[in-house]
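In the numbering used here, the protein residues as written are 5 to 166.
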């Protein structure tokens, strides 16, 4: 099963739109209005406007912690950007990210090395290939979180020591 995720810059509150394989909109990821704070709240909505899932981002030191909630269940994804790359940690499941998160080309695997998600970046969008329908929203939210991290597209342009 596949989704295509594209960043949406047309509206204030819509951040991303996910399309299915036939090109129909399946989800939109929208900002939720909150009081002024350092956290970011996002809602994953169906085309009918129903909230299917929620993402809450908290800055923790130099890292970003994302709480990914579907119904009453949630997992936490922590992304830490360093000079040596982006490190990831899942809490609440046994998933692990392999590959280059900064380039947005990575695979999410389970503890038994079962592939959960293959994530590939293309010009203007990302492709998410997942294998179990019950993981669809968590895979989509993982992709959104990775795409929210500010990364340098060409790391070779970074100066040493800064």
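Glycine included, each C-beta is placed from N, C-alpha and C at the ideal position.
As the structure is a computational prediction, the values presented were derived from the model and not from experiment.
Contacting residues, own chain, Cβ-Cβ under 7 angstroms from residue 145 (five flanking each side not counted): 48, 57, 59 and 72
Reduced DSSP secondary structure (H/G/I, E/B, other) of residue 139: helix
Whole-angstrom C-beta distance between residue 74 and residue 142, which should lie under 8 angstroms: 7 angstroms
Residue 138, buried or exposed, once every other Cβ within 10 Å from all chains shown has been counted against 16: exposed
Same chain, Cβ closer than 7 angstroms to residue 115, five either side skipped, listed in chain order: 98
Span of the beta strand (DSSP E), counted from its first residue to its last, around residue 112: 109 to 113
Close-in-space but distant-in-sequence residues of the same chain around residue 147 (CB under 7 angstroms, 5 per side omitted): 9, 123, 130 and 132
Test item: CB-CB of residue 90 and residue 105 under 9 angstroms: yes
DSSP three-state assignment for residue 214, whether helix, strand or coil: Residue 214 cannot be examined here, being either before or after the span of the chain that is shown, 5 to 166.
Residue(s) in a DSSP beta bridge with residue 6: 133
Buried versus exposed, by CB contacts within 10 Å (16 or more), residue 36: exposed
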